[in-house]
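A short worksheet on the structure shown next.
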Amino acid sequence: NQECDGRFIRQVRMLKQISKHNGLSDLGNGKAVCGLLIETLAYEAIDRSLKHDVAMAKVFAKAPTIVAGAVFDPSGENDLTDDGSIETRAEVIEILEHVSKGTSEAMAAQRDGNEPLALQIWADICGDKFPKAALTEEQAFDALWQGGGVTATGRITTDPRQAKAAARPTRS
Numbered sequence: 004n005q006e007c008d009g010r011f012i013r014q015v016r017m018l019k020q021i022s023k024h025n026g027l028s029d030l031g032n033g034k035a036v037c038g039l040l041i042e043t044l045a046y047e048a049i050d051r052s053l054k055h056d057v058a059m060a061k062v063f064a065k066a067p068t069i070v071a072g073a074v075f076d077p078s079g080e081n082d083l084t085d086d087g088s089i090e091t092r093a094e095v096i097e098i099l100e101h102v103s104k105g106t107s108e109a110m111a112a113q114r115d116g117n118e119p120l121a122l123q124i125w126a127d128i129c130g131d132k133f134p135k136a137a138l139t140e141e142q143a144f145d146a147l148w149q150g151g152g153v154t155a156t157g158r159i160t161t162d163p164r165q166a167k168a169a170a171r172p173t174r175s
C-alpha cells in the first residue's frame, strides 16, 4: 500500500465491488471468486501508484490470463482457483474478459475526450456506487445521426472510431 501512495487498499475495495456487481461473487456457490483472489489479482497487476481507472483497467486486462492457471495465495500453498469446476472457471474468465473490454473502452473514450461515454461505461462496470451519466433519447438519436455508432459493448457514441464495425449478414 505504501508503494502505491496509499491507493492500493482503496483499489482492492473497488475491485471487489466491481467483481460483486458483475456477478463474480455469486459463481460456484460464492466460492469461485473469493476476496483473497481479488486481492491477489490486484497484487499481481498493480506494482506502483496508479490512478484508480488505470489500476482497474490493468487488473482486469491481466486477470483472465492469470485466472486461467493456478492462482496461489501469498503463502504459495493454496490455489485460490481450485474450488471451482472447469465450467465455473470458464464463466469467471468470460466475465473478466467482458469487464476488461469495458475498461478498455472507457479508457479509450477518456483519451478521446468523450467523458460522458467514459462515465457511462464506468457506471455500467462499477454499478450503483458509481454515478450514471446516461444519454437522453434525443442525445442518443443525435449521436447516431451525426455519424456516431454503437460500441462493441452496446453503448451509443458520437465518435465513429469507437463504433464497432457492423457485422455482415451470413447466408445460410
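Numbers given in this note's numbering equal positions in the sequence shown, counted from 1, plus 3.
Glycine included, every Cβ here is placed at the ideal spot set by N, Cα and C.
All values derive from a computational prediction rather than experimental measurement.
The C-beta of Leu-40 has 16 or more other C-beta atoms within 10 Å across all chains shown, which makes the residue buried.
Secondary structure note for Phe-133: it is in no alpha helix (DSSP H), with a DSSP letter that is neither H nor E. Rounded to whole angstroms, the gap between the alpha carbons of Glu-97 and Phe-63 is 11 Å.
Taking every protein chain shown into account, the CB of Thr-68 has fewer than 16 other CB atoms within 10 angstroms, so this residue is exposed. Restricting attention to Val-57, Glu-94 and Lys-19, the CA atom closest to the CA of Ala-71 is found in Glu-94. Within the segment 57-90, not a single complete alpha helix (DSSP H) segment reaches 4 residues in length. Of all alpha-carbon atoms in Cys-7, Glu-108, Gly-130 and Ile-128, the one lying nearest the alpha-carbon of Lys-54 is that of Cys-7. In terms of Cα proximity to Ser-88, the closest of Lys-19, Glu-80 and Gly-31 is Gly-31.
The Cβ atoms of Asp-76 and Thr-43 lie closer than 8 Å to each other. Cβ contact annotation for Lys-132 (same chain, cutoff 7 Å, sequence separation greater than five): Gln-20, in chain order.
The Cβ atoms of Val-15 and Ala-45 sit closer than 8 Å to each other. Pairing Ala-121 with Glu-108, the inter-Cα distance amounts to about 8 Å.
It is roughly 8 Å from the alpha-carbon of Asp-29 to the alpha-carbon of Lys-23.
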